[in-house]
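Residue 868 in the numbering used here is what sits at position 858 of the sequence shown, and the numbering runs on without skipping anything. To keep things clear, I will list the structure first and then write my remarks on it.
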Amino acid sequence: MLAEADGTVPHGSDSSMRTSNINNNINPDSSILISKMEDVVIPFSSEVPCDNNGQRMWWAFLASSMVTFFGGLFIILLWRTLKYLWTVCCHCNIKNKEAQKVNNPANNQAADRAPKGPDEKEEAPASEVGWMTSVKDWAGVMISAQTLTGRVLVGAPSSKYRSSYKSCQNFYKDFTLQIDMAFNVFFLLYFGLRFIAANDKLWFWLEVNSVVDFFTVPPVFVSVYLNRSWLGLRFLRALRLIQFSEILQFLNILKTSNSIKLVNLCSIFISTWLTAAGFIHLVENSGDPWENFQNSQSLSYWECVYLLMVTMSTVGYGDVYAKTTLGRLFMVFFILGGLAMFASYVPEIIELIGNRKKYGGSYSAVNGRKHIVVCGHITLESVSNFLKDFLHKDRDDVNVEIVFLHNISPNLELEALFKRHFTQVEFYQGSVLNPHDLARVKIESADACLILANKYCADPDAEDASNIMRVISIKNYHPKIRIITQMLQYHNKAHLLNIPSWNWKEGDDAICLAELKAGFIAQSCLAQGLSTMLANLFSMRSFIEIEEDTWQKYYLEGVANEMYTEYLSSAFVGLSFPTVCELCYVKLKLLLIAIEYKSEQRESSILINPGNHVKMQEGTLGFFIASDAKEVKRAFFYCKACHDDITDPKRIKKCGCKRPKMSVYKRMKLACCFDCGRSEQDCSCMSGSVHSNMDTLQRAYPLSSVSVHDCATTLRAFEDEHPSTLSPKKKQRNGGMRNSPNCSPKMMSRHDPLLIPGNEQIENMDMNVKRYDSTGMFHWCPSKDIEKVILTRSEASMTVLSGHVVVCIFGDVTSALVGLRNLVMPLRASNFHYHELKPIVFVGSLDYLRREWETLHNFPKVSILPGTPLSRADLRAVNINLCDMCVILSANQNNIEDASLQDKECILASLNIKSMQFDDSIGVLQANSQGFTPPGMDRSSPDSSPVHGFVRQASVTTGSNIPIITELVNDSNVQFLDQDDDDDPDTELYLTQPFACGTAFAVSVLDSLMSATYFNDNILTLIRTLVTGGATPELEALLAEENALRGGYSTPQTLANRDRCRVAQLALYDGPFADLGDGGCYGDLFCKALKTYNMLCFGIYRLRDAHLSSPSQCTKRYVITNPPYEFELVPTDLIFCLMQFDHNAGQSRTSLSHSSHSSHSSSKKSSSVHSIPPSNRQNRSSKSREARDKQNATRMNRMGQEKKWFTDEPENAYPRNIQIKPMSTHMANQVNQYKSTSSLIPPIREVEDEC
């Protein structure tokens, strides 16, 4: 056991013999003097011993360790024995004293009463902490790894594993020996601290780390004394590696259980392996003591490591083996434990390494490149749809990296998708509910966090709850992060408002799929095909060129258009919206549909197709329809001076001229010229006196770059305060008060009927009647009991519904709610007059509709027919052949695992309706009774109104001609809706005929809104404004509190909310645009509708076979989005347009339901919502009754029944005694001119009684 020097030099038989011979031939005059050992350095050699006697001193090193161990153990045991004896003796004395006190209680009381001497001390109530305890606590703190010093003390003992020493070296001159001493002094100090801090000294003395110190530290001090070094048992220092896991935990490097377990296994295995190799290295190089160390062999330490490994693995090549008896005896016992350890530890280590998360790293942010985090429902379908839209080539260079975070590792298909986009996509396995995982993906530096929802889950509320918890976790970790999340149910959006850091003004958005899906379908009830057009506008589609003259060619040309935003050039400042819109369309080939408008309070709102009264501000943000983002840049680069004569819009690029800031006078005069309709050279509205007083004007009415005051209004106010500036004639031209010149124009009502030609003063609305909700955005009525709106099949048949909306709903008591309120709200928007509201009839399970009724009982003209949409009797009872739209929904779609069967109910209902046949007798009778007169259309004045040409669906004799829109869950099921199409099952949804025709809608098309909202947060606001009928954050907060609309009294503020655009369809075969319907250009129609009626056209709904030369019986239509200027029109086209609110429609026409309160049947007849000529208004009650007698004799028997199906209609309706004169085009222009010269505040309309 005894190798000197480094243990690398053998001391076998040969060396022993050489040493003996040298000793025998020692000369007394040798230069080596033992007494002066400290002054002489003896170089080591196999021929030169460490002393002149050749004596081995291994026993001295080993004895130091044994003495230290057993001596300390003896002292500890002796201390414990003495302490025990002392405790026993003291315990006996205490018991004797207590016994004496019990036996002599009087003496005890007297002793208690006796005064104590000054030298006597009272017993302390609590023992004080002694100095030994304080030292112990200090030592415990030093080695607890809770401080920097403690971590160094814990980690340092494992840092020195093995040093290289030379035998027979002088300690004072050998640097390595001094370093070795320094390390061991540190180990000794650390051992002392551990000993002081230990509670049980005996167990501390016997633990492994203490034994290691006993056999490694004392020999170093012996080597200093003897000036020789012995490797000895220093290999035991390898056992310190067992604590390597604890050290890494103290340093906060290991945090997970798997990593801790892996390091534990590896450290135990390696330390045992190295320690055993050190023992073999010692005995094989030293030999057996009883053999006089003559059987040793020269083995390096790494050869011993190799020997131990092949032994543990039971391979045993035999090239290296143990020769000594001690070595072989050790191998016998080690192979038993080593084999067991190898067989158990190695597979577990491999398993832990193999199970380590492949995607468990951390994201490294790239300078100059933003990144977003996408989490939630991460599947192949959701990710592919998201990436397809987010990374579309039509967008500008997307310098954004996408980081996906999900707790389940991706499958092979999803992993392949990530690899195809490896330059911009990274995936990490984890959960957003874990702050550690949020730190891994650098959520604090992310530009946004997007949360995807599972649209096909069986429990939508549970899915929404999961996403809300994700929002809470992310906001709790970093409150300033922008979050865009998908929500399935509308009522769950209210829970997001409870999160303190949720702020929609800072970009946080919740995309409610149920709300938008119902809104899209509702808009299709008003303009069939609009759902397809809007879905294509907010999705990124590549242009697919088709040479053949088919309907797909024109459809795909429109599909390539998307919605973009861009700031308008300063050249548009001061111009009205219609003027800018026309210029953009004609000159820049861009379609401007809305702008972001900033008020004086710096609050921004989105105005869709505002009127002439809205002027462009500096830095106005416009919403454009274009094919790519580069085209929209033209609106920003446009310069009148440089690009006015350019005919090719592609040449409009950034110019180098410096645009001078327009002076106040120039801007005022430009606005005034637009008001009077003259050119700047011919306009004399502003004289020189005005220019001379511009300083005064600017001080009185500052026109900042974000001012919302109309320049013309400001000018007129200036005229009123400075009457000498303008002549009376110019005053009159600019809107001065003709009848009362002394009053101020500011006090003039903007929409005073006296100032509108062709109108007469009408009576004001009764302000005590609640007809709208508290926000003024929706029609409202007092809540009704569901029993009052239920129709039996016979009652529905006798009501003779027409022009209504039939909603076929599949659901039962256990079905998830689809949110029918979101479908009804757009159809009850306040920008419709009461008589223009389409009656809504729900056909479905009464049990399901009772659950939805709580959110529907405040809407007028809603009826329920209990039944099933698959029953033809129920469908005929509601006159489905006379409806304006049939909507097919299902609440049971997500309860079926088979994707192909999820839409079976909707498909069966759709095919059932299309196969029905109808008799046209009802249509003929109603046509003879002035049916099919469109709302807002007056036959007595066919050309007087811009809304002439809005037609209603004619009576049909076959179910295939009924307008239907079917909701689908699985996109591939669209192939079953139309039996005559040739759509391939693998065709994308937007390329199929049912979707192009607007007869099918799938919620998957809303996935693109996630990326669209990220790139522009105004996009979601715009689409919600378009499809929801006017839902606002204030309304959402109200619904979160009460879950129902609250009625409100009509005030000028709430009535002003009615003045907003709505979507409609314009027919070309009749009306003021009929001359353009036969071969005219779409651009001419666009300009005429915009200039004359402020109607913004943005698409065509064309017959599928209109391009064929031969006539076709097919009535299917498809959508064409934003046709070019020269696109040729056909008479059968229907034009999608954004129509201004018609203030005169409520005055000039009334519904048949408002004719008289004397007949109860009139309320039932109101479901047809037909308009009647004003000339027949006085005798309408008797004539309508006679017509009904001729049409159906049985209907006369129901005249006296007391039940009313639309109980929200007022019973005290009275006929108006006013005559509305036809409005010519010249008068309409005057009205528009008047609007343009009025103030820019939201319009305050004179209130009319619509009931």
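Glycine included, each C-beta is placed from N, C-alpha and C at the ideal position. Note that this is a predicted model, so its numbers are computed, not measured.
Residue i in three-state terms, based on DSSP
i       : result
GLN253  : helix
CYS522  : strand
GLU1138 : strand
LYS660  : helix
ARG492  : coil
CYS1147 : strand
ALA287  : helix
TYR1059 : coil
GLY786  : coil
SER1262 : Shown here, the chain extends from 11 to 1261; a query on residue 1262 therefore has no answer.
CYS276  : helix
HIS653  : helix
PHE414  : strand
GLY1089 : coil
PRO1082 : coil
THR802  : coil
VAL872  : strand
THR976  : strand
GLY1039 : coil
TYR574  : strand
ALA1320 : With the chain covering only 11 through 1261, there is no way to say anything about residue 1320.
GLN562  : helix
GLU1051 : helix
ARG861  : helix
Bounding residues of the alpha helix (DSSP H) (the contiguous stretch that carries residue i)
i      : result
HIS446 : 445 to 450
CYS467 : Here CYS467 belongs to no alpha helix (DSSP H), and DSSP marks it neither H nor E.
GLY386 : No alpha helix (DSSP H) contains GLY386, which is instead part of the beta strand (DSSP E) from 380 to 386.
VAL342 : 335 to 364
Residue interval of the beta strand (DSSP E) (run including residue i)
i       : result
CYS896  : 895 to 900
PHE820  : 815 to 820
PHE224  : PHE224 -> not in any beta strand (DSSP E); alpha helix (DSSP H) instead, spanning 218 to 224.
LEU506  : Unbroken run through LEU506 is the alpha helix (DSSP H), 503 to 506; no beta strand (DSSP E).
THR456  : Contrary to the premise, residue 456 reads as Ala rather than Thr in this sequence. From DSSP, ALA456 is part of no beta strand (DSSP E); its letter is neither H nor E.
ALA1074 : 1072 to 1077
Classification of residue i by the beta-carbon crowding that lies within 10 angstroms, buried from 16 upward
i       : result
GLN1063 : exposed
CYS893  : buried
ASP519  : buried
LEU1045 : buried
GLU525  : buried
MET479  : exposed
HIS845  : buried
TYR459  : Correcting the residue identity first, residue 459 is Cys in this sequence and not Tyr. Result: buried.
LYS367  : exposed
PHE343  : exposed
ASN421  : exposed
TRP96   : exposed
ILE189  : exposed
Of the listed residues the options, nearest to residue i (C-alpha basis)
i       : options                            : result
GLN912  : GLU256, SER982, VAL624, ILE1033    : SER982
TYR200  : PRO510, VAL222, ASP783             : VAL222
SER75   : THR226, PHE197, VAL98, TRP89       : THR226
GLY854  : TRP96, ASN841, THR878, ILE363      : THR878
GLY517  : PRO1141, PHE1025, ASP1085, ARG1114 : PHE1025
TYR235  : PHE197, MET191, ARG204, ARG247     : MET191
ASN1067 : GLY629, HIS416, ALA353, SER615     : SER615
Proximity test, residue i beta-carbon vs the ligand FMN heavy atom, cut-off 6 angstroms
i      : result
PRO489 : The ligand FMN is absent from the structure shown, which contains no ligand whatsoever.
Ignoring anything shorter than 3 residues or poking outside the segment 582 to 651, list the beta strand (DSSP E) runs there in chain order. Correct list: 601 to 608, 614 to 618, 631 to 636.
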